[in-house]
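Read the structure below first, then the notes.
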């Protein structure tokens, strides 16, 4: 298929060789300012566009930008109408102004443009920074092609190149070398002989330019048709009115397209207004709460200062009491140490007393008179034994009497001592029993006191624990806290009622909107129907006007003027579209002789059997039908005006309902948001109240735990005191028993000694 295949740039605005393959679909990708548009501007040049027209006015000329040196080339490789690969070479003109073209009947090869490839590579290796290729000039290339017997053309200008590539006969015939251009066109054109691609460069430029909009393409096609002498049909329309109507239609269409966005924006605007109102209310509440919080903060600061002063005073009192108690404790400890020291001295003295056997000495002291009497008796015996030969009997009797007297006295004394010892023994036993009974009584009393004290403490602690547990089970929100929750419940109930009212209002408005939308649709259908009827009436009126008042130089006007009665002959068989044509140039030959002639191209027709068509009526009939059509058009116009007015009224009501629905929807969402905020606020407040309630319960539970620990401590103390009392009482009972055993043992020993 004929078409452009490749674009090759040699030493162009890009150094070296740049190849752009255009076979089938092609994408040119790259970042901004990477040269995509610069390469794309080369496409219209291939199809015959002037190079100066593709370069922006802000840049240099085409040859300075794309062909900066005499060794710069732009090669287009394409397939001609004979399915052969050819190439077009663009090079700068020798004078430096303009571009020269040359066709070559062979595909592109880089070796045709450079001097020596091996030398070129060596030169590039030696100078690595340069990417320019050392190429031939256009004249040197022509000589090389001529030596190689390659078919090519002479240097061509832009007009000649365009005539050849497009096979434009008008340009070829106006050129100086017509024969050469015809020959070149047969060899290198993109289209076959008898066909042309005239103006394709304009279309290519319009499509590939940044301004390739449909309006630009339409304007370019109109310019091409006008350049080719094609007359466009004339319309009796004011361009300004048409433009205004188009602008209004586009505005309406654009507005209808943006209608959902506009409704959404209006809804968001209403929501924004509602939110702003809510924020204003919240701001007022915030300012009020802020002032209250500041006041509360100042009061808390004063309270804190007072509490700190009280704390300092309590600390001072506590320090003074602590010092006094420490002094008392120190004095008490000193007294305890002194008392313990005295007790230790007494115990030590008692131990020394026991070590010296004072009881035995006391017993010996009591036996001293007896021992004295025994001594006196022994002395008397000694005196008797020493007195020789004295009167032993008298002495004996005397001695016997003395001994008897002494014995009686001793027996009497011993009996008295025995009685006294027995009495003393009984007294000691009684004292022992009384002491033990008193000790047991005191022990029982102490145990009873200890049990009573423990039971009293335990009862008090259990009572306090039970009271606290009952209080914990019954503790709940305070009256103020419950009032806050009740206020929230009341506000929620009220908000729920407001939501229900807003929802009912919204549903009612939506039903009215739906009903009104049906009325709008019905009115729109009536308007469409009336518009269609009006268009049909206008078309009929226009058609009758055209038949009644044909255009200048039209076939219908000529027939009415030059050939009266044509309706009965030619009018029955002619195509009605030909009657308004102005390019048929009718010529009447022997119109008087052929007035009643019904032959056409040698065929005679019986036209009487053909009914007279509408377009071949008489002028009076046309006037009558035109009047009827105008009356129908007037009625249709009035019907359309009524339908439009009805549609406008229904639409205005619908718009008002939409606004009301929008406001109601906004109000409904506002109430829902208020309800949600109230729930969140209530939950937040309830969390705070629950936290305070849990804190109070935790404090009470801590007190219960303290009471339990106190009970455990009292129980442990009671157990320890009881054990200590048992231990002390057992030791004291043992001491008392041992003491009275010693006392009774001493009395028994005295009694035994007395018996002896």
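Residue numbers (the working numbering): 69 to 824.
The C-beta atom is built at its ideal place from N, Cα and C for all residues, glycine as well.
A quick note: this is a predicted structure, and the numbers were derived from the prediction, not measured.
{"Item": "Out of curiosity, what's the CA-to-CA distance linking residue 599 and residue 699?", "Value": "15 Å"}
{"Item": "What is the DSSP secondary structure of residue 282, reduced to helix, strand or coil?", "Value": "helix"}
{"Item": "Is residue 220 helix, strand or coil when you go by DSSP?", "Value": "strand"}
{"Item": "Nearest-angstrom Cα distance between residue 605 and residue 595?", "Value": "15 Å"}
{"Item": "Taking the CB atoms as reference points, tell me whether residue 837 and residue 775 lie closer together than 8 Å.", "Value": "Residue 837 cannot be examined here, being either before or after the span of the chain that is shown, 69 to 824."}
{"Item": "For the putative contact between residue 591 and residue 715, defined by C-beta atoms under 8 Å, what is the C-beta separation to the nearest angstrom?", "Value": "4 Å"}
{"Item": "Taking a contact to mean a Cβ-Cβ separation below 8 Å, would you say residue 320 touches residue 226 in this structure?", "Value": "no"}
{"Item": "Do the segment 138–156 and the segment 72–79 meet, that is, are 3 or more Cβ pairs less than 8 Å apart?", "Value": "yes"}
{"Item": "Secondary structure at residue 251, three-state DSSP: helix, strand or coil?", "Value": "helix"}
{"Item": "Might you give, ordered along the chain, the residues of its own chain that have their beta carbon closer than 6 Å to the beta carbon of residue 806, omitting 5 neighbours on each side?", "Value": "none"}
{"Item": "Out of curiosity, what's the CA-to-CA distance linking residue 72 and residue 208?", "Value": "26 Å"}
{"Item": "For a test of the three-state rule: what should DSSP assign to residue 466, helix, strand or coil?", "Value": "helix"}
{"Item": "Using a 10 Å radius around the Cβ and a threshold of 16 neighbouring Cβ atoms, would you call residue 755 buried or exposed?", "Value": "exposed"}
{"Item": "How long is the line joining the alpha carbons of residue 661 and residue 649, rounded to whole angstroms?", "Value": "Residue placement at residue 661 cannot be trusted, given a pLDDT of 49 that sits under 50; the coordinates are not used to answer."}
{"Item": "Whole angstroms are fine: how far does the CA of residue 707 sit from the CA of residue 593?", "Value": "13 Å"}
{"Item": "State the Cα-Cα distance for the pair residue 147 and residue 223, rounded to the nearest angstrom.", "Value": "20 Å"}
{"Item": "In whole angstroms, what is the alpha-carbon distance linking residue 479 and residue 470?", "Value": "14 Å"}
{"Item": "What span of residues does the beta strand (DSSP E) with residue 89 cover, start to end?", "Value": "85–89"}
{"Item": "Are there three or more Cβ pairs, one per stretch, closer than 8 Å when the segment 236–243 is compared with the segment 84–102?", "Value": "no"}
{"Item": "Taking 8 Å as the cut-off, does the segment 553–566 touch the segment 742–759 (at least 3 CB pairs, one atom from each stretch)?", "Value": "yes"}
{"Item": "For residue 122, name the three-state secondary structure that DSSP assigns.", "Value": "helix"}
{"Item": "Enumerate in chain order the residues of its own chain whose CB-to-CB distance from residue 503 is below 8 Å, with the five nearest sequence positions on each side excluded.", "Value": "804 and 808"}
{"Item": "Who pairs with residue 160 in a beta bridge, going by DSSP?", "Value": "167"}
{"Item": "In the structure shown, what three-state DSSP assignment does residue 152 receive?", "Value": "coil"}
{"Item": "Which of helix, strand or coil does DSSP assign to residue 661?", "Value": "Reliability of the predicted coordinates at residue 661 is poor, the pLDDT of 49 falling under 50, and the value obtained from them is presented with this limitation in mind. In this structure, residue 661 counts as coil in the three-state DSSP scheme."}
{"Item": "Quick one, are the C-beta atoms of residue 524 and residue 812 less than 8 Å apart?", "Value": "no"}
{"Item": "Quick check: residue 180 and residue 159, are their CB atoms within less than 8 Å of each other?", "Value": "no"}
{"Item": "Residue range of the beta strand (DSSP E) that residue 108 falls in?", "Value": "Not the beta strand (DSSP E): residue 108 falls in the alpha helix (DSSP H), residues 104–108."}
{"Item": "So the beta strand (DSSP E) residue 143 belongs to, where does it begin and stop?", "Value": "141–147"}
{"Item": "By a C-beta neighbour count over all protein chains shown, 10 Å radius and 16 as the cutoff for buried, is residue 340 buried or exposed?", "Value": "exposed"}
{"Item": "Given this structure, state the Cα-to-Cα distance separating residue 486 from residue 466, to the nearest angstrom.", "Value": "29 Å"}
{"Item": "So which of 443, 311, 712 and 411 has the shortest CA-CA distance to residue 474?", "Value": "443"}
{"Item": "Going by DSSP in three states, residue 71 sits in which element: helix, strand or coil?", "Value": "strand"}
{"Item": "Along the chain, where does the alpha helix (DSSP H) containing residue 98 start, and where does it finish?", "Value": "Premise fails: residue 98 is in no alpha helix (DSSP H) and is neither H nor E."}
{"Item": "Identify every residue that forms a DSSP beta bridge with residue 77.", "Value": "86 and 142"}
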